[in-house]
Ligand code: PDD
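In this note's numbering, the protein residues as written are 711 to 999.
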């Protein structure tokens, strides 16, 4: 069954979607994206994702092509149209680029319309082996630019870092810049240090993750001591637990870091607790009409 996408006002089979090679997204990676999970047919934290999209479009001076009401209508339609192919649990990818223009680094002189593309893929549940064993990660110098709070489609740094992790039989690269741990190549980071759950503060060196915010909220609600603070590589090595969070992977427990065990080498107790809170939150969302 073919998946359905949305391109500039039209719903169509994904394999039929065509964008000009002069699109600035293709030529320069001049665009912004979002990834929104869908549980029980409902878009997860949609207002928060749309708010981040607004902030990003303003940051890179691309015109917001739709109102929030229009976004909600078209995103819900994509979810519905992809239910036959992907069911109720989906991952929605949306991208807005500056549009099509003759190649030139500066913004085009003449008026152009942004290109808007949305697609769906099936969202896979966490493998049982991950809950039992956790995942491996490596640490790496953060080779990306200094505007990592912008969810830009220019992802070459992230791509190379993630591949480096794969090449070393790990699932993620945890990044270090100027003596501080920042985030993963496509995830935010939490560490349990002296029984406090710590995540690096928001700023230009990391993406303000929607999952990160929810994990902090859930920690507060359930009285798990938590704070936003800088983490040094040495603190990371000594952390009892390390987690990676993202919309598609939720909360991954890291049990091996650069080939050495994290804590006792198993997904930790606090991760188990947080996982249950997160699943309960999702269940509540699924039940909402
Ligand atoms: N990536 N940091 C980076 C660099 C990311 O690319 C992501 C997500 C996150 C987590 O953000 P959120 O919780 O809002 O998903 C942090 C997405 C999933 C991706 O690129 O596919």
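Glycine included, each C-beta is placed from N, C-alpha and C at the ideal position.
Predicted model only: the values in this text are computed from it and were never measured.
Leaving out the 5 sequence neighbours to the left and right, which residues in its chain are closer than 6 Å to residue i when beta-carbon positions are compared?
{"i": "residue 967", "result": "847"}
{"i": "residue 995", "result": "749 and 752"}
{"i": "residue 798", "result": "750 and 751"}
{"i": "residue 732", "result": "810"}
Using only alpha-carbon positions, find the residue among the options that is nearest to residue i.
{"i": "residue 959", "options": "899, 812 and 712", "result": "899"}
{"i": "residue 895", "options": "902, 903, 916 and 730", "result": "916"}
{"i": "residue 872", "options": "988, 816, 854 and 948", "result": "854"}
{"i": "residue 907", "options": "889, 933, 717 and 884", "result": "933"}
{"i": "residue 781", "options": "756, 798 and 796", "result": "756"}
{"i": "residue 971", "options": "870, 996, 786 and 845", "result": "845"}
{"i": "residue 885", "options": "857, 852 and 905", "result": "852"}
{"i": "residue 713", "options": "984, 787, 904 and 870", "result": "787"}
{"i": "residue 717", "options": "990, 997 and 806", "result": "806"}
{"i": "residue 987", "options": "948, 856 and 921", "result": "921"}
{"i": "residue 897", "options": "857, 819, 842 and 954", "result": "954"}
Kindly say whether residue i, judged by its beta-carbon, lies nearer than 9 Å to any beta-carbon of chain B.
{"i": "residue 923", "result": "Within the model displayed, chain B is absent; a lone protein chain is all it includes."}
For residue i, collect the residues of the same chain with a Cβ closer than 7 Å to its Cβ; drop the 5 residues on either side in sequence, then sort them by chain order.
{"i": "residue 978", "result": "902, 950, 951 and 963"}
{"i": "residue 766", "result": "742, 860 and 861"}
{"i": "residue 973", "result": "950 and 951"}
When burial is assigned at 16 or more other CB atoms within 10 Å of the CB, is residue i buried or exposed?
{"i": "residue 868", "result": "buried"}
{"i": "residue 956", "result": "buried"}
{"i": "residue 824", "result": "buried"}
{"i": "residue 808", "result": "buried"}
{"i": "residue 744", "result": "buried"}
{"i": "residue 734", "result": "buried"}
{"i": "residue 893", "result": "buried"}
{"i": "residue 919", "result": "buried"}
{"i": "residue 1000", "result": "Beyond the ends of the chain as shown, which are 711 and 999, falls residue 1000; an answer cannot be given."}
{"i": "residue 929", "result": "buried"}
{"i": "residue 888", "result": "exposed"}
Near residue i, which residues of its chain fall below 8 Å by C-beta distance, leaving aside the five closest residues on each side in sequence?
{"i": "residue 874", "result": "848, 850 and 883"}
{"i": "residue 926", "result": "909, 936 and 938"}
{"i": "residue 785", "result": "746, 753, 756, 802, 804 and 828"}
- Message: Could you check whether the region 897-916 touches the region 871-879, counting it as contact only if at least three pairs of C-beta atoms, one from each stretch, sit closer than 8 Å?
- Response: The region 897-916 is not in contact with the region 871-879.
- Message: Pairs of beta-carbons, one from the region 859-870 and one from the region 746-753, closer than 8 Å: are there three or more?
- Response: Short answer: they don't touch.
- Query: Is there contact here, the region 935-954 with the region 762-776, by at least three beta-carbon pairs under 8 Å?
  - Reply: Of all C-beta pairs linking the region 935-954 to the region 762-776, fewer than three are shorter than 8 Å, placing the two stretches out of contact.
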